[in-house]
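Trainee: In the numbering used here, the protein residues as written are 1 to 495.
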Amino acid sequence: MALIRHHIAGTATGDDTRTGVVYDPATGAVQHQVVLASADETAAAVAAAAAALPGWRATSLIKRADVFFRLRQLLVERSDDLAAIITSEHGKVLSDAKGEISRGIENVEFAAGLVHLLKGEHAEQVSRGVDVHSVKQPVGVVACITPFNFPVMVPLWMTASAIACGNTVVLKPSEKDPSAALFLARLYEEAGLPAGVLNVVQGDKVAVDALLEAPEVRAVSFVGSTPIAQSIYERAAAHGKRVQALGGAKNHMVVMPDADLDGAADAAVSAAYGSAGERCMAVSVLVAVGDEVADALVAKVAERVAGLTIGAGTDAASEMGPLITGEHRDKVASYVTGAAAEGATVVVDGTRQDFPGDGFFLGVSLVDHVRPGMKVYDDEIFGPVLSVVRVASYEEAVELVNTSPFANGTAVFTRDGGTARQFEYDIEVGMVGVNVPIPVPVGAFSFGGWRSSLFGDSHIYGPESFHFYTRSKVVTSRWPDPSESQISLGFPSNH
Ligand code: NAD
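1. Any contact of the region 369 to 385 with the region 276 to 284, i.e. 3+ C-beta pairs under 8 Å?
2. Please find out if some non-hydrogen atom of ligand 1 comes closer than 7 Å to the beta-carbon of glycine 373.
3. Below 7 Å, is the gap between the Cβ of valine 141 and the nearest heavy atom of ligand 1?
4. Have a look at serine 225 and proline 25 and give me their C-alpha separation to the nearest angstrom.
5. By alpha-carbon positions, which one of Arg451, Ala52, Ala344 and His32 ends up nearest to serine 179?
6. Quick check: is any heavy atom of ligand 1 less than 7 Å from the C-beta of phenylalanine 468?
7. Considering only the beta carbon of each residue, do threonine 87 and aspartate 358 sit closer than 8 Å?
8. Is it the case that the CB of phenylalanine 68 approaches a heavy atom of ligand 1 more closely than 7 Å?
9. Taking glutamine 353 as part of the beta strand (DSSP E), name the residues at either end of that continuous run.
10. Relative to ligand 1, is the shortest distance from any of its heavy atoms to the C-beta of lysine 172 smaller than 7 Å?
11. Can you look up alanine 163 in the DSSP assignment and give me helix, strand or coil?
12. At least one CB of chain C closer than 8 Å to the CB of glutamine 230: is that the case?
13. Comparing C-alpha positions only, which one of Val332, Thr314, Ala392 and Ala299 sits nearest to valine 347?
14. Note the first and the last residue of the continuous beta strand (DSSP E) segment covering valine 93.
15. Please work out which residues of its chain come closer than 6 Å, Cβ to Cβ, to alanine 112, disregarding the five sequence neighbours upstream and downstream, and give them in chain order.
16. Give the single residue among Gly433, Lys136, His122 and Lys63 whose Cα lies nearest to the Cα of lysine 473.
17. Tell me the DSSP secondary structure of tryptophan 479 in three-state form.
18. At 3 residues or longer, and completely inside the region 403 to 439: list those beta strand (DSSP E) runs for me, N to C.
19. Can you tell me which of the three DSSP states aspartate 209 falls into?
20. Which class does asparagine 107 belong to by DSSP, given the choice of helix, strand or coil?
21. Helix, strand or coil, according to DSSP, for leucine 362 in the structure here?
22. Quick one: what's got a C-beta closer than 7 Å to glutamine 353's C-beta in the same chain, skipping five residues either side?
23. What is the residue span of the beta strand (DSSP E) that alanine 288 lies within?
24. Could you give the first and the last residue of the continuous alpha helix (DSSP H) run that contains arginine 70?
25. Whole alpha helix (DSSP H) runs in the region 259 to 330 with 4 or more residues, listed along the chain?
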């Protein structure tokens with residue numbers, strides 16, 4: 001059994017003093033042990049990042065960009081190997097793992113444009129003989145703390161922009177699927193990134209606490225569940241750090257009576273059950289406007305899910321893999337069994353589906369007549385469970401979405417341009433789809449939710465990340481003509 005270790009200053013470190021287990025979710029077997037960092041080991045990673053900072057910051061922008069061009073190529077060439085790692089530890093099907101890699105590559109492509117993105121501004125002659133310009137400088141050492149569900153894409157959301165801006169990084173991936181982060185760190189170094197610029201610390205709360213307290217860490221990017229995101233935001237801010245902490249989600253897909261209901265049902269099934277619902281942008285609530293729409297959608301979704309193939313992610317026939325752990329699978333199942341007692345109608349009950357072996361598989365569920373106040377509605381389930389909430393009008397649908405504590409993504413399905421435009425205007429959610437169920441912005445835009453789906457004021461990747469990972473400095477300069485030199489004690493005025 002392999003021991004998955006840290007990657008600090010280009011070297012594998014860490015012993016088995018404190019370890020966690022890494023499962024193969026398709027078989028339920030423990031396949032690796034992962035070292036869990038002590039505070040001292042985490043401090044060593046921070047020290048390595050701090051030591052690498054002056055050299056990386058001084059590296060020319062063109063040379064920095066070279067790393068990202070090469071990294072992009074390596075990610076394309078090694079995507080089969082990387083997808084196999086994702087599938088073996090996370091469980092998602094290989095095609096989905098490849099999709100995650102391709103979305104992560106968008107972030108690398110964006111970062112490769114760093115020469116343009118780091119340009120400041122200049123104003124000539126703001127006063128006689130005085131010019132002003134602004135520069136964007138790296139913040140320093142950045143801590144990146146990532147969740148289990150996208151072990152490649154989310155680390156690339158953060159590391160690509162942070163490193164492009166001239167920072168050095170300590171990445172703390174999820175201890176549930178830790179190998180992909182190591183693969184990424186080695187790929188960065190193969191692409192020319194100096195050792196120490198990107199360090200990986202394996203671990204749990206102990207490592208996170210050490211990162212939050214380290215004075216050298218100047219900024220924290222976190223993605224994970226809402227309670228942890230909120231606590232990270234508060235603690236990192238209390239230690240004077242810049243912080244963005246993205247939390248959980250409960251994404252509503254509103255279907256209007258004029259929508260193409262077959263298209264909407266296809267979209268709902270894809271977005272609810274893809275990756276076993278373990279996506280922060282998964283559709284978990286179908287909001288049907290009118291009972292006629294609800295009845296038709298429930299029938300169409302039920303008909304479609306009957307044909308889904310659930311199996312090991314490595315099997316090309318599988319459309320959905322297992323969940324991340326047995327514990328999580330059982331928690332997800334408890335929401336379905338509890339829904340009937342709460343007064344909802346379980347139309348498709350995935351908890352009754354049997355699977356051979358000990359893998360963490362669960363069938364898909366569809367629950368109708370769900371209302372706010374039921375646990376199946378209120379909690380983020382993060383599994384293959386789609387709830388249907390019936391509303392009478394567009395206004396009621398908007399009210400439902402806008403009063404959810406989560407506000408990551410949402411979508412409206414309609415054929416009416418006016419309705420779509422009004423939805424875009426009215427809805428209080430960070431990412432909105434119009435006939436697009438999973439509106440994850442392309443890499444040239446930034447990603448982020450509102451309310452308890454994001455703590456902080458900066459969205460992640462894209463243009464906002466270049467703001468988050470840099471500090472701006474404004475320089476006012478004068479090159480006086482020595483012949484005009486004089487003493488003046490008045491406050492310098494530009495008029
Ligand atoms: P999680 O919150 O359990 O863990 C996220 C990270 O925090 C991991 O690295 C973990 O080791 C660390 N962590 C866990 N408990 C901690 C604690 N008490 N103190 C400090 N650190 C701790 O999340 P997860 O289960 O790995 O991932 C799933 C969650 O992430 C879901 O809620 C999902 O919606 C969310 N997510 C959100 C987005 C987004 O963009 N908003 C994207 C992906 C995932």
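Glycine residues also receive a C-beta, built at the ideal position from the N, C-alpha and C atoms. Since the model is a prediction, treat every value here as computed from it, not as a measurement.
Mentor: Looking at the coordinates:
1. Yes, the region 369 to 385 is in contact with the region 276 to 284.
2. Distances between the C-beta of glycine 373 and the heavy atoms of ligand 1 are all 7 Å or more.
3. Taking 7 Å as the cut-off, one finds no heavy atom of ligand 1 near enough to the beta carbon of valine 141.
4. Our two residues, serine 225 and proline 25, have alpha carbons roughly 20 Å apart in a direct line.
5. Closest in alpha carbon position to serine 179, among Arg451, Ala52, Ala344 and His32, is His32.
6. It does not: the Cβ of phenylalanine 468 is nowhere closer than 7 Å to a heavy atom of ligand 1.
7. No, the pair does not count as a contact, with Cβ atoms beyond the cut-off.
8. No, the beta carbon of phenylalanine 68 sits no closer than 7 Å to any heavy atom of ligand 1.
9. That residue, glutamine 353, is in no beta strand (DSSP E); it is neither H nor E in DSSP.
10. Yes, the Cβ of lysine 172 comes within 7 Å of a heavy atom of ligand 1.
11. In the sequence on display, residue 163 carries isoleucine and not alanine. Helix, per DSSP.
12. In the structure shown, chain C does not exist; there is a single protein chain.
13. Checking every option, the nearest Cα to that of valine 347 belongs to Ala299.
14. Run containing valine 93: none; DSSP gives neither H nor E here.
15. Only Ala65, Phe68 and Phe69 meet the Cβ criterion.
16. Out of Gly433, Lys136, His122 and Lys63, Lys136 has the C-alpha closest to the C-alpha of lysine 473.
17. In this structure, tryptophan 479 counts as coil in the three-state DSSP scheme.
18. You should have 409 to 413 and 431 to 434.
19. In the structure shown, the three-state DSSP call for aspartate 209 is helix.
20. Here DSSP, grouped into helix, strand and coil, assigns asparagine 107 to helix.
21. If DSSP states are grouped into helix, strand and coil, leucine 362 belongs with coil.
22. Hits under 7 Å: Gly363.
23. Taken as a continuous stretch (DSSP letters only), the beta strand (DSSP E) holding alanine 288 covers 283 to 289.
24. If you look at arginine 70, you'll find it in the alpha helix (DSSP H) that goes 61 to 77.
25. Unbroken alpha helix (DSSP H) stretches of 4 residues or longer found wholly inside the region 259 to 330: 261 to 273 and 291 to 305, given in chain order.
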